[in-house]
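In my numbering, the protein residues as written are 1 to 275.
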């Protein structure tokens with residue numbers, strides 16, 4: 001292939017990666033904004049706050065324009081901000097996934113080596129977003145007569161946040177296991193695949209691929225994702241619990257899929273090299 005054309009393809013792949021980084025950062029910041037707005041909203045859904053808001057609305061209905069229901073205005077404003085943040089987070093996440101798909105498809109059509117190299121960089125970016133961005137929000141609530149829906153507790157965490165909480169709670173063994181198999185091993189695997197794509201002539205590259213194919217069977221990444229879905233489904237069945245999947249889980253799922261494809265591509269690339 002013409003060198004100039006080859007460099008042009010690499011520039012296109014690099015631009016796609018930059019676009020992914022841009023939209024990934026946007027999705028992350030909007031997801032955090034959604035989490036913060038939800039925290040503000042929950043603070044206004046306690047018994048006292050709800051009762052005060054009901055009394056203000058009653059006074060507003062009686063006195064009309066003579067009375068200003070400030071709590072209701074604040075509550076509605078935060079609700080609007082929260083909904084907007086989630087819409088934006090999902091929109092930027094979709095853009096990220098579109099660029100990820102375009103990168104993988106175009107690099108695969110170019111060569112297995114380019115697919116493995118640029119795919120590994122994209123997988124690392126996707127993994128970081130999956131680890132940092134909130135993945136699940138669970139609220140415990142109760143409907144109180146005459147007052148309304150009261151939030152009793154609220155929790156929103158990403159993978160890293162969950163590990164930190166386990167450490168803080170003294171669950172060292174569980175925290176270390178999740179840290180090892182959901183953070184350390186996936187990160188090393190991506191870096192190893194990047195190494196393989198760059199130094200594919202090295203005999204050590206075959207050993208790396210074989211090693212991660214074996215250890216990958218023990219990885220808890222896919223187990224973790226399944227566990228999250230089980231928590232989500234279980235929580236939604238409760239009368240007093242409500243679970244909501246956040247965009248971090250989509251990044252995590254994307255990493256799992258891309259990582260599997262890259263492992264297959266790297267293995268095939270090295271076998272073709274030997275033959």
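C-beta: ideal position from N, C-alpha, C; glycine also.
- When DSSP states are grouped into helix, strand and coil, residue 163 belongs to the helix group.
- Under a 10 Å Cβ-count criterion, residue 248 is classified as buried, with 16 or more other Cβ atoms of the shown protein chains found around its own Cβ.
- By the C-beta density criterion, residue 130 is buried, having at least 16 other C-beta atoms within 10 angstroms.
- Membership of residue 181 in any alpha helix (DSSP H) is not indicated, and neither H nor E is assigned to it by DSSP.
- The C-beta of residue 92 has 16 or more other C-beta atoms within 10 Å across all chains shown, which makes the residue buried.
- In this structure residue 16 is not in contact with residue 123, their Cβ atoms being roughly 14 Å apart against a cut-off of 8 Å.
- Of the residues assessed, residue 20 falls on the buried side of the cut-off, its CB having 16 or more other CB atoms within 10 angstroms.
- For residue 187, the uninterrupted alpha helix (DSSP H) run begins and ends at 185-198, by DSSP.
- Residue range 3-43 is occupied by the alpha helix (DSSP H) that includes residue 39.
- The C-beta of residue 83 has fewer than 16 other C-beta atoms within 10 Å across all chains shown, which makes the residue exposed.
- In the structure shown, residue 140 falls within a strand segment according to DSSP collapsed to helix, strand and coil.
- Residue pairing for residue 154: DSSP places it in a beta bridge opposite 139.
- Remark: fewer than three beta-carbon pairs, one from each stretch, lie closer than 8 Å, so the stretch 178-191 and the stretch 105-113 are not flagged as touching.
- Of the residues assessed, residue 199 falls on the exposed side of the cut-off, its CB having fewer than 16 other CB atoms within 10 angstroms.
- Given a length threshold of 4 residues, each whole run of the alpha helix (DSSP H) inside the stretch 240-274 is given here in chain order: 247-274.
- Assignment of residue 111 by DSSP, reduced to helix, strand and coil, places it in the coil class.
- In terms of Cβ geometry, residue 78 and residue 40 form a close pair [threshold 8 Å].
- Nearest to residue 254 by C-alpha distance, out of 269, 125 and 165, is 125.
- Secondary structure at residue 76: helix, using DSSP grouped into helix, strand and coil.
- Residue environment: residue 256 is assigned as buried (16 or more neighbouring CB atoms within 10 Å of its CB, all protein chains considered).
- The C-beta distance from residue 166 to residue 174 rounds to 5 Å, short enough to meet the 8 Å contact threshold.
- A straight-line Cα-Cα distance of about 32 Å links residue 118 and residue 137.
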